[in-house]
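So the structure is just underneath, and the comments pick up after that.
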Amino acid sequence: MHAMQYVRTLPADYDMGIIRNRVRTRGHLLDDLDGLGLKAYGIRVRGTDGSPVNAYAPFYLWTDPRAMNSFLAGDGFRGVIRDFGRPPVHHWQGLFHHAGPAADAVPRSYSLRSVPLPEDADPGTAFAEAVAGHEQLARTAGVHTTAMAYSPGNWEIAHFTLWAGEAPDDAGDRYRVLHLSAPGIGALGEGRLW
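For the sequence shown, full-length UniProt numbering assigns the number 1 to the initial residue and increments by one for each residue that follows.
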């Protein structure tokens with residue numbers, strides 16, 4: 001599993017209806033994409049859920065790195081570049097994935113929290129401790145899906161959770177989900193991925 005996110009911060013007076021319409025008319029195009037576990041079409045709206053900005057911020061879990069690379073080099077991402085400029089794409093290696101009790105619900109939000117590994121931390125111990133927290137989170141009412149991944153480039157752990165309702169205030173950065181494409185969610189595996 002590979003996790004990926006890009007964030008396009010938009011002007012404070014940006015009409016977020018443009019993004020909602022974009023997702024409503026184009027979101028379904030990835031509903032059957034081979035190699036994609038899921039894509040949560042997320043937005044942040046200035047003044048909502050503690051967000052200081054407007055942003056378009058989709059989050060992906062890929063089952064196949066070739067599919068991720070093809071997407072980034074293909075027409076779909078060319079459209080993002082054409083409309084918003086080429087964003088930095090954050091990428092993490094998968095460590096854990098699990099469906100929650102609300103996996104059959106339509107997710108309404110997602111949260112993302114990135115935690116740097118302390119310089120003196122043993123990665124294996126830190127991963128195991130973080131996975132234990134996600135195993136508990138996966139049993140929490142309202143959780144659709146939870147995943148954890150890390151970036152060896154800057155040694156951070158990313159905690160991603162889809163929620164059937166609103167993400168809790170303490171869950172990290174919170175995003176509204178406009179659409180979920182999940183053609184390969186079953187192929188992401190369950191539990192610890194290392």
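By construction, the Cβ of each residue, glycine as well, lies at the ideal position given by its N, Cα and C atoms.
If you count every other CB in all the chains shown that lies within 10 Å of the CB of residue 48, and 16 or more means buried, which is it? exposed
Candidates 173, 180, 20 and 89: which alpha carbon is nearest residue 50's? 173
Taking three-plus beta-carbon pairs below 8 Å as touching, is the segment 94 to 110 in contact with the segment 153 to 173? yes
State buried or exposed for residue 66, treating a residue as buried only when at least 16 other CB atoms are found within 10 Å of its CB. exposed
Alpha helix (DSSP H) segments (min. 4 residues) lying fully within the segment 50 to 114: 65 to 72 and 75 to 84
CA-CA distance, residue 92 and residue 15? 31 Å
Is the segment 27 to 34 close to the segment 169 to 186, with three or more CB pairs under 8 Å? yes
Short of 6 Å in beta carbon distance, which residues of its chain neighbour residue 134, apart from the five on each side in sequence? Order them along the chain. 96, 146 and 148
Which of helix, strand or coil DSSP assigns to residue 117: coil
Below 8 Å on the Cβ atoms is my contact criterion, and I expect residue 171 with residue 94 to pass it. Report the Cβ-Cβ distance as a whole number of Å. Between residue 94 and residue 171 the Cβ distance is about 19 Å, and since that is not below 8 Å, they are no contact.
Every unbroken beta strand (DSSP E) within the segment 108 to 188, with a cutoff of 3 residues, ordered by chain: 109 to 116, 143 to 151, 156 to 163 and 173 to 181
Where residue 82 falls, given that 16 or more other Cβ within 10 Å makes a residue buried: exposed
Residue 78 to residue 125, Cα distance in whole Å? 40 Å
By Cβ distance, which residues of its chain are closer than 7 Å to residue 189, with the 5 residues on each side in sequence left out? 1 and 97
Buried versus exposed call for residue 58 [16 or more other C-beta atoms within 10 Å across all chains shown]: buried
For residue 1, which residues does DSSP report across the bridge? None, per the DSSP bridge assignment.
Figure out for me which residue from 69, 31 and 63 has the closest Cα to the Cα of residue 186. 63
From the DSSP output, in three-state form, read off residue 38 for me. strand
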